[in-house]
């Protein structure tokens, strides 16, 4: 009769395969090295861990610290050809020397001073902007001027010329999100300079893309071809807010409208496909009622959150962090996280989920469940 089966781990298997290391085995390893070869049995634990072991770590960046630093950069660092943008990247402490929030996501605070113009350029990386506060900046995407206002989510899909101009006497800052790390790792990036100025200094309330595409449930017959990225340049806060409000009102009426009790959420989508707004980035907005808690979970892939309004807590790998408006945090792959709202708690979230799902790497584990 045998005892209970003991699960194998990589160290046990590697030790069994290596055995006693004699002179012949030592010479074999030396010959491997001289020929730029590495045997799998010495690397399996690093290459194929039992569960994800991200180098990136969970981290919180405080808006109360970020914004004054961005303002100082605005006083000292010009915007123009060469530097292109006054953008300050969130650098994950677990990825030293890299301006990456996670191995797949780039996030930054971009700051544009009064009457400044950021010149046009384009790149193959997909990009968006989320506006925490402020008015008066227009981003011009392929010649289409797009107003930027509080709570708006704006797209710059890959290889679209874009620049920004501030028409006011006040500075403005916003969150930039891109797939730069993924593009860099896969050697897929291209870049091209455009005009030194923006191609259109008009300041319309609605962009041409919104006038054509941003009508609920209606698709123009002139646009029946599916597109890789959403043709809508801006998803306006008033629509996001109304959708979240109605979900919670329907919940009050006993209707199944929310993700879970007290938790309303929406995903920004490409109206031509019903899928994510861009091939590599997912964007969502979450609203929690006062006192609502989101159960702890782990997910393959990484996310960045920004608090839009309210106060609450995030628990990252067992550590509690209190959050208020503007604060940002990153959740690397397979790091446990949960949320609790002290008052109504609004959060913007973006992630690399489209990549993980397309590759069939996606997985979610709720703590307390059997894996």
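Residue numbers (our numbering): 294 to 664.
Glycine included, every Cβ here is placed at the ideal spot set by N, Cα and C.
Note that this is a predicted model, so its numbers are computed, not measured.
Worksheet entry | Inter-residue spacing [alpha-carbon to alpha-carbon] between residue 565 and residue 330 | The alpha-carbon atoms of residue 565 and residue 330 are separated by roughly 47 Å.
Item to complete: Can you grab the Cα-Cα spacing for the pair residue 562 / residue 569, in whole Å?
Response: Here the alpha carbons of residue 569 and residue 562 stand approximately 5 Å from one another.
Practice prompt. Decide yes or no for the touch test of the segment 348-357 against the segment 623-636: beta carbon pairs closer than 8 Å, at least 3 of them.
Written response: Per the Cβ contact rule, the segment 348-357 is in contact with the segment 623-636 (3 or more Cβ pairs under 8 Å).
Worksheet entry | Host beta strand (DSSP E) of residue 465 (start-end) | Taken as a continuous stretch (DSSP letters only), the beta strand (DSSP E) holding residue 465 covers 465-471.
Worksheet item: Who are the near neighbours of residue 513 in its chain, counting only those whose CB is closer than 6 Å to its CB and skipping five residues on each side?
Response: Within the same chain, residue 513 has close Cβ partners 505.
Worksheet entry | Beta-carbon proximity list for residue 612, same chain, < 8 Å, skipping 5 on both sides | Correct list, in chain order: 351.
Worksheet entry | Beta-carbon separation (whole angstroms), residue 427 vs residue 440, contact threshold 8 Å | Incorrect: roughly 11 Å between the Cβ atoms, too far for contact.
Worksheet entry | Close Cβ partners of residue 496 (< 8 Å) along its chain, the five nearest in sequence each way excluded | Once the five neighbours on either side are set aside, the close Cβ partners of residue 496 are 431, 438, 440, 460.
Discussion item. Just to check my reading of the structure: residue 458 and residue 494 have Cβ atoms closer than 8 Å, yes? What is that Cβ distance to the nearest angstrom?
Written reply: With 8 Å as the limit, residue 458 and residue 494 qualify as a contact, their Cβ atoms being about 6 Å apart.
Item to complete: For the segment 547-619, list the alpha helix (DSSP H) runs that are entirely contained and at least 4 residues long, ordered along the chain.
Response: Listed in chain order, there is nothing to give.
Fill in: Exposed unless 16 or more other CB atoms sit within 10 angstroms - verdict on residue 357
Under this definition residue 357 is an exposed residue.
Fill in: Residue of 316, 472, 528, 412 minimising C-alpha distance to residue 397
Each of 316, 472, 528, 412 was checked against the Cα of residue 397, and the nearest Cα belongs to 472.
Worksheet entry | Three-pair Cβ contact test at 8 Å for the segment 602-611 versus the segment 630-644 | Yes: at least three Cβ pairs fall under 8 Å.
Discussion item. When you compare the CB positions of residue 382 and residue 400, do they come within less than 8 Å of one another, or not?
Written reply: Yes, Cβ-Cβ distance for residue 382 and residue 400 is below 8 Å.
Fill in: Limits of the unbroken alpha helix (DSSP H) element including residue 530
Taken as a continuous stretch (DSSP letters only), the alpha helix (DSSP H) holding residue 530 covers 530-545.
Worksheet item: CB-CB under 7 Å to residue 435, same chain, minus the five flanking residues each way: which ones, in chain order?
Response: Counting only Cβ-Cβ distances below 7 Å, and skipping sequence neighbours, we find 453, 454.
Discussion item. Only counting the same chain, and skipping five residues up and downstream in sequence, which positions put a Cβ closer than 6 Å to that of residue 515?
Written reply: No residues qualify anywhere along the chain.
Worksheet item: Below 8 Å, can you find three or more Cβ-Cβ pairs linking the segment 472-488 to the segment 543-563?
Response: Flag = no, the segment 472-488 and the segment 543-563 do not touch.
Practice prompt. Keeping to the same chain, check which residues put their C-beta closer than 6 Å to that of residue 541; ignore five residues upstream and five downstream.
Written response: Once the five neighbours on either side are set aside, the close Cβ partners of residue 541 are 557.
Discussion item. Which of the three DSSP states is assigned to residue 412 in this structure?
Written reply: Look at residue 412 here: in three-state DSSP terms it is strand.
Fill in: Spatial distance of residue 462 from residue 405 (CA atoms)
Each residue's Cα considered, the two are about 11 Å apart.
Discussion item. Tell me which residue opens and which closes the beta strand (DSSP E) that residue 494 is part of.
Written reply: Unbroken run through residue 494: none, as it is neither H nor E.
Discussion item. Which of the three DSSP states is assigned to residue 660 in this structure?
Written reply: Assignment of residue 660 by DSSP, reduced to helix, strand and coil, places it in the coil class.
Discussion item. Here's a check: name, in chain order, each residue in its chain whose Cβ is nearer than 7 Å to the Cβ of residue 417, leaving out the five neighbours to either side.
Written reply: Result list for residue 417: 451, 452, 476, 481, 482, 483, in chain order.
Worksheet entry | Unbroken beta strand (DSSP E) run spanning residue 450, endpoints | Where residue 450 is concerned, there is no enclosing beta strand (DSSP E), given that its DSSP letter is neither H nor E.
Discussion item. Using only the alpha-carbon positions, how far apart do residue 619 and residue 498 sit?
Written reply: A straight line joining the alpha-carbon of residue 619 with that of residue 498 spans about 25 Å.
Worksheet entry | Minimum C-alpha distance to residue 576 - residue among 322, 445, 361, 660 | Of the listed residues, the one whose Cα sits closest to residue 576 is 445.
Item to complete: Kindly give me the distance between the Cβ atoms of residue 376 and residue 421, rounded to whole angstroms, as I take these residues to be in contact under 8 Å.
Response: That belief does not hold up - the Cβ atoms of residue 376 and residue 421 are roughly 21 Å apart, past 8 Å.
Worksheet entry | Same chain, Cβ closer than 7 Å to residue 654, five either side skipped, listed in chain order | Only residues of its own chain outside the window of five on either side were considered, and among them 593 have a CB closer than 7 Å to the CB of residue 654, listed in chain order.
Worksheet item: Going by alpha carbons, who is nearest to residue 408 out of 393, 424, 372, 380?
Response: Of the candidates 393, 424, 372, 380, the one whose C-alpha sits nearest the C-alpha of residue 408 is 372.
Practice prompt. For the alpha helix (DSSP H) containing residue 365, list its first residue and its last residue.
Written response: Taken as a continuous stretch (DSSP letters only), the alpha helix (DSSP H) holding residue 365 covers 356-369.
Worksheet entry | Cβ neighbours of residue 629 in the same chain (closer than 8 Å, five flanking residues each side left out) | These residues qualify, in order along the chain: 589, 590, 591, 608, 609, 610, 611, 660.
Worksheet item: Taking the continuous alpha helix (DSSP H) assigned at residue 391, which residues delimit it?
Response: Element bounds for residue 391: n/a, residue is neither H nor E.
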